[in-house]
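Below is one structure; the comments refer to it alone.
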Amino acid sequence: MRSAARLKMGYYPLPEREGEKIRALLSFASPASVIDPCVGQGTALHLVTSDAPVRRHGVELDAERARISNSKGIETIQGNTFDTIVKPESFSLLYLNPPYDSEIGTIGNRRMEAVFLEHTYRWLRMDGVLILVIPFERLHDCTGILSSHFASLRVFRMTDPDSVQYGQIAVFGVRREVRGSAVENNKRQLQSISLYGSFLELAELQPGACVAYSVPPSGETMLNYRGLPYDLLEDLLPHSGAWRQAGPLLMPHDDVATGRPITPLHGGHVGLLCTAGLLNGVFGDGENRHIARWRSVKHVTTFVEEDGDAEIIHHRERWANELRLAYADGRVLKLTESPAKKEGEDHGECTPSTRAA
């Protein structure tokens, strides 16, 4: 997974239009319990079960998204799905849109789509309905579990621009004890799609694309969490002895100059303190109130020396200082030692009037 995706923990919510299409292919006749093991803010689970007599449950790793999901009436556990204990065959509907990533280990890393499916399909009761949202290229990784434990399998492509970007598909299935030739038939069906088919050849996910899947009834259930309380640990960590020892190394404090000098500073002293970054801060009043920030910049000068028929290229490095000012009225200035560029030349560092200031 790319760094930007890791920062959001693989959170890519289902487009609302696709959620409405999934809902059109489901029918609810009796009260049931449903679950989303990667519930996020709970939007997708609400879309696929809208106006249905269901009890919604979810698991979410991010604390803020878990809080939002709880506020929407979804009984949400904040933590890791793999540390959540659920009685097998408790839910009538399993909506699963797992992170699109791989395991991080020494050897034999598997795709998370298959790992999540293998861990959570047991939560689904017999005749319960599975909705699996994954990239098309990852369907092959899930073929083994889908073939052995689900019947009435159908695969649809999503057409929302965000879904097309990732080649997202929706796999529908009904949990059954599949044996013998039925397993082989399922494997052939899925392999013909994943290995020899293409994303654009799949039927489009839309209302009426197939006979609606009937979600069976189920009773109330409960989720238990056996993992570490991440939020509590985060709050207690700054007060631990280990953190007090490691903190100065991991997050050193900026040097701060405090106190009154013994004698008044002359211009040279002020210049040294400024360029060292020890006089950064907020200065001035009214329109002239501003934030000052100094930094050092390296300049490289390249020149060529001829030695007979050979040319020797020299690089000379030089350090200079620049000052950036951000005023309360929105003005932003950058002061450097370089002269301002004339009109028609590259963008200059600052204007002569600014330099005089």
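The opening residue of the sequence shown carries number 27 in my numbering; numbering runs sequentially from there. Here a beta-carbon is modelled for each residue, glycine too, at the ideal position from N, C-alpha and C.
Practice item. Taking all protein chains shown into account, decide if F176 is buried (16 or more other Cβ within 10 angstroms of its Cβ) or exposed. Key: buried
**Study point:** T247 versus G84: straight-line alpha-carbon distance, rounded
**Key:** T247 and G84 have their C-alpha atoms some 12 Å from each other.
Practice item. Quick one: residues in its chain with C-beta nearer than 7 Å to the C-beta of A92, no 5 flanking neighbours on either side, listed in chain order? Key: So the qualifying residues of the chain are E86, T102, Q104.
Point to revise | Counterpart residues of K360 in DSSP-defined beta bridges | key: R350
Review point. Would you call the region 68 to 79 and the region 207 to 222 in contact, with 3 or more CB pairs under 8 Å?
Key: The count of Cβ pairs closer than 8 Å, one atom from the region 68 to 79 and one from the region 207 to 222, stays below three, leaving the stretches out of contact.
Exercise for review: Pull up the CB-CB distance for R350 and K360, whole angstroms please, since I reckon it's below 8 Å.
Suggested key: 5 Å
Practice item. Would you kindly work out how many angstroms separate the C-alpha atoms of R321 and N347, rounded to a whole number? Key: 6 Å
Exercise for review: Report the three-state DSSP secondary structure of A229 (helix, strand or coil).
Suggested key: DSSP places A229 in strand when its eight states are reduced to three.
Check your understanding: Relative to the alpha-carbon of V326, which residue among F225, S174, H340, P161 has its alpha-carbon at the smallest distance?
Key -> H340
Check your understanding: Whole beta strand (DSSP E) runs in the region 256 to 288 with 3 or more residues, listed along the chain?
Key -> none
Point to revise | For F142 and P161, believed in contact at Cβ under 8 Å, the rounded distance | key: Not a contact, Cβ separation roughly 13 Å.
Exercise for review: Return the chain-ordered list of same chain residues with a C-beta closer than 6 Å to the C-beta of A18, the five sequence neighbours on each side being excluded.
Suggested key: The shown model of the chain, from 27 to 383, leaves out residue 18, and the question about it has no answer.
Point to revise | Nearest-angstrom beta carbon gap, S173 and K213 [assumed within contact, 8 Å] | key: 4 Å
Exercise for review: Compare the C-alpha of S207 against each of V200, Q215, D333 and name the closest.
Suggested key: Minimum Cα distance to S207 is reached at Q215.
Point to revise | beta strand (DSSP E) runs contained entirely in the region 97 to 181, provided each spans 3 or more residues | key: The DSSP assignment places 101 to 104, 110 to 112, 117 to 122, 150 to 161 as complete runs of the beta strand (DSSP E) inside the region 97 to 181, in order along the chain (cut-off: 3 residues).
Practice item. If I'm right that G303 touches A318 with Cβ under 8 Å, what's the distance once you round it to whole angstroms? Key: With a beta-carbon spacing of about 10 Å, G303 and A318 fall beyond the 8 Å limit used to define contacts.
Practice item. Along the alpha helix (DSSP H) that carries H72, what are the first and last residues, could you check? Key: 69 to 74
Practice item. Compare the beta carbon distance of N314 and Y256 with 9 Å and say whether it is the shorter of the two. Key: no
Review point. What residues match up with D333 in a beta bridge as DSSP calls it?
Key: A336
Exercise for review: Within its chain, find whatever has a CB closer than 6 Å to the CB of R342; leave out the 5 residues flanking it on each side and keep chain order.
Suggested key: T327
Practice item. Determine the burial state of W269: buried for a count of at least 16 other Cβ atoms within 10 Å of its Cβ, exposed for fewer. Key: exposed
Review point. Apart from the five residues on each side of it in sequence, which residues of its chain come closer than 6 Å, Cβ to Cβ, to R43?
Key: D186
Point to revise | Exposed unless 16 or more other CB atoms sit within 10 angstroms - verdict on D372 | key: Because D372 sits at a pLDDT of 49, beneath the cut-off of 50, its placement in the model cannot be relied upon, and the following sentence gives the value as read from the coordinates. Exposed.
Exercise for review: Tell me, please, whether the CB atom of R214 is closer than 9 Å to any CB atom in chain B?
Suggested key: Reference to chain B is not applicable here, since this structure consists of a single protein chain.
Point to revise | Where R49 falls: helix, strand or coil (DSSP) | key: helix
**Study point:** Closest Cα partner of S244 within the set F54, S59, L52
**Key:** S59
Check your understanding: DSSP three-state call for V85: helix, strand or coil?
Key -> strand
Check your understanding: In whole angstroms, what is the alpha-carbon distance linking P57 and A140?
Key -> If I take the Cα positions, the gap works out to 29 Å.
Review point. What are the start and end residues of the beta strand (DSSP E) that includes V197?
Key: 194 to 201
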